[in-house]
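Q: Per the numbering used here, residue 232 is the first one in the sequence shown, and the count goes up by one each step.
Where a beta carbon is used, it is the ideal one built from N, C-alpha and C, also for glycine.
This structure is a prediction, so every number in the text was calculated from the model and none was measured.
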Amino acid sequence: MLLARVGEEKRGPVAKGERGRCPNCNSEVLAVVPRENIRHWRHRARDCDPWSEPEGPWHLGWKDQFPVEAREVSLIDPYTGERHRADIRTQAGVVLELQHSSIPEEEIAAREAFYTRDHRMFWLVHMHNEGSFRGTHFLMSLNFDKRPINFGGKRFSIMSWVGPGKQFIEKWKRSSTHVFFDCGGSIFYLATKKGCAPILEQLKKGEFALCPLTVREFLEAVSG
Ligand SMILES: [Zn+2]
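1. Starting from the Cα of residue 419, find the closest Cα among 403, 350 and 309 and give me that residue.
2. Out of curiosity, what's the CA-to-CA distance linking residue 370 and residue 377?
3. Rank 248, 265 and 318 by C-alpha distance to the C-alpha of residue 226 and give the top, closest one.
4. Can at least three beta-carbon pairs, one atom from the segment 355 to 369 and one from the segment 407 to 426, be found at a separation below 8 Å?
5. Contact check, residue 347 vs residue 453 under 8 Å by CB: the rounded distance?
6. Can you tell me which of 306, 292 and 395 puts its alpha carbon nearest to the alpha carbon of residue 282?
7. Give the range of the alpha helix (DSSP H) segment to which residue 294 is assigned.
8. Helix, strand or coil for residue 269, going by three-state DSSP, please let me know.
9. Quick one, what's near ligand 1 if you take every residue whose CB is closer than 6 Å to any heavy atom, in chain order?
10. From the DSSP output, in three-state form, read off residue 402 for me.
11. Identify the continuous beta strand (DSSP E) that holds residue 305 and give its terminal residues.
12. What does a CB cutoff of less than 6 Å around residue 375 pick up in its chain, not counting 5 residues either side in sequence?
13. For residue 260, count neighbouring Cβ atoms within 10 angstroms of its own Cβ and tell me buried if that reaches 16, exposed if not.
14. Name, in chain order, the residues that DSSP records as bridge partners for residue 235.
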């Protein structure tokens, strides 16, 4: 968690030993000011959001693109009382989840069910080589020349996943929301069940369709 309530402010920690309140559960959180990694807040006990993941410079960089009131927004299901912190929730009613670590399909489905009750939802999935060579396999799979397809005013290209990890791409194709990949700062919109069902019908297992977009176009889409 990068932001906490300190008095009237919602902000990151500035000094070791500082205390704040979690905007989600209101319990006390402590400043963690590591030399190597980024500054963040830690709950005294466990993080109140079981969906939280350890955050690094990648998360910080993306969160910094949005106004502070749009970052780490606590949302509550009025019927069950379930609470979660959306990484980004914009004025336009979009929830953006920043996903760096790998995530089981059941958790993808649970988060989508929770956030799409009242919001449009986007995922930004970080393609990197920590723990696997997924980033490299992704780059090797990119092919925008062979099978272009126009859909919804966008130009997609169909390509095949190279190397192991086809389950990874199949899992994200099945998303019922909008999925974007960030590979070294280049952004790609993935055709999913949600927005591009007619494209998905043409795809074999291991095949997927991408539409490249600029960071600016991506930020505009999130901000509505
Ligand atoms: Zn909390």
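A: Looking at the coordinates:
1. Residue 419 has its Cα closest to that of 403, out of 403, 350 and 309.
2. Between residue 370 and residue 377, the C-alpha separation is close to 16 Å.
3. Absent from the model: residue 226. The displayed extent of the chain is 232 to 455, so no value can be given.
4. Short answer: they touch.
5. Actually they are not in contact, since the Cβ atoms of residue 347 and residue 453 sit about 15 Å apart, beyond 8 Å.
6. Per the Cα distances, 306.
7. Element bounds for residue 294: 288 to 294.
8. In the structure shown, the three-state DSSP call for residue 269 is coil.
9. My final list is 253, 255, 256, 258, 274 and 279.
10. Helix, per DSSP.
11. DSSP places residue 305 in the uninterrupted beta strand (DSSP E) bounded by 302 to 307.
12. 388, listed in sequence order.
13. Residue 260 is buried by the Cβ-count criterion.
14. Its beta-bridge partners are 242.
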